[in-house]
Amino acid sequence: MGLDDRRDREPDVYQPAEDSALLARAACDRVGENELVLEVGTGSGFVAGRIADETDARVIASDVNPWAVRQARRTDVETVRADLVAPFRDGTFDAVVFNPPYLPTDPENEWDDWMERALSGGEDGRAVIDPFLETVDRVLAPDGVVYLLVSSLTGVDDVVGRAGEEGFSAVAIADESFPFETLTVLELLR
Ligand SMILES: C[S@@+](CC[C@H](N)C(=O)[O-])C[C@H]1O[C@@H](n2cnc3c(N)ncnc32)[C@H](O)[C@@H]1O
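Below, the structure is given as structure tokens:
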């Protein structure tokens with residue numbers, strides 16, 4: 007699919023941006039041959055599509071937003087509607103990739119539309135990241151890894167600390183700075 011083709015876009019879906027491109031590059035550089043990869047929160051399907059196109063991995067994508075699932079399916083990546091990793095089997099994936107909603111948001115703002123749910127990480131920016139870190143271990147294969155995009159706005163050290171509490175060690179494998187934030191891709195290993 008040409009992601010620049012606006013006819014292919016669903017209106018309530020996060021479209022690829024700098025964070026998507028950074029995560030896709032980092033994941034493509036590291037995903038190994040014949041691995042099984044899950045992209046959580048696939049949005050347009052851009053990251054999952056890049057991994058499927060540029061590696062020999064088998065890729066599955068998921069999103070809680072039904073419009074995202076609809077758009078991502080046009081990339082030909084197998085996509086399912088899911089809340090984080092809930093429906094997936096234990097010990098399945100060699101890599102799990104996630105560009106989460108991470109912007110700290112005023113508590114008065116409610117998650118009342120799909121774009122809000124794509125962007126807002128609640129008051130501390132970690133309202134989706136924390137439950138992801140608490141549950142992702144279950145679906146990882148024995149040597150499985152997580153590639154998680156985080157922002158300086160969310161607090162990279164806080165995320166690394168939370169990941170540590172869940173048994174992961176974290177290494178920053180890519181970053182990119184912008185006027186208002188620095189984006190970092192963390193590789194989480196057990
Ligand atoms: C910042 S967007 C990233 C989209 C895409 N992966 C990219 O990089 O362009 C975050 C995505 O996570 C999805 N999301 C938010 N909460 C989720 C949850 N609990 N389970 C699954 N997906 C979720 C949103 O619908 C949105 O598509």
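Those letters in the sequence shown? Residues 7 to 196, by our numbering.
Beta carbons are placed, not taken as given, at the ideal position from N, Cα and C, and that holds for glycine.
Keep in mind that this is a model prediction, so the values were computed, not measured.
Legend entry - threonine 81 - DSSP class collapsed to helix/strand/coil: helix
Inset, instruction - Taking only the alpha-carbon atoms, compute the straight-line gap between glycine 47 and alanine 67 and give it to the nearest angstrom. - result: 8 Å
Inset, instruction - Tell me whether leucine 125 is buried or exposed, calling it buried when 16 or more other Cβ atoms sit within 10 Å of its Cβ. - result: exposed
Legend entry - According to DSSP, residues forming a beta bridge with glutamate 193: Tyr153 and Val177
Legend entry - Cβ-based neighbour list, glutamate 140, same chain, cut-off 8 Å, excluding 5 preceding and 5 following: Glu172
Inset, instruction - In the DSSP assignment, find the unbroken alpha helix (DSSP H) run with arginine 168 in it and report its ends. - result: 162-171
Inset, instruction - Measure the C-alpha to C-alpha separation of proline 22 and glutamate 182 and round it to an integer number of angstroms. - result: 16 Å
Legend entry - With 16 other Cβ atoms within 10 Å as the buried cut-off, status of arginine 105: The question names arginine, yet the displayed sequence has asparagine at residue 105. Under this definition asparagine 105 is a buried residue.
Legend entry - Which of helix, strand or coil DSSP assigns to valine 75: helix
Legend entry - Segment limits, beta strand (DSSP E) that includes valine 19: Neither: valine 19 is in no beta strand (DSSP E) and is coded neither H nor E.
Inset, instruction - Run the proximity test for glycine 128: is its beta-carbon closer than 7 Å to any non-hydrogen atom belonging to ligand 1? - result: no
Inset, instruction - Measure the CB-CB distance between proline 110 and aspartate 82 and report whether it falls below 8 Å. - result: no
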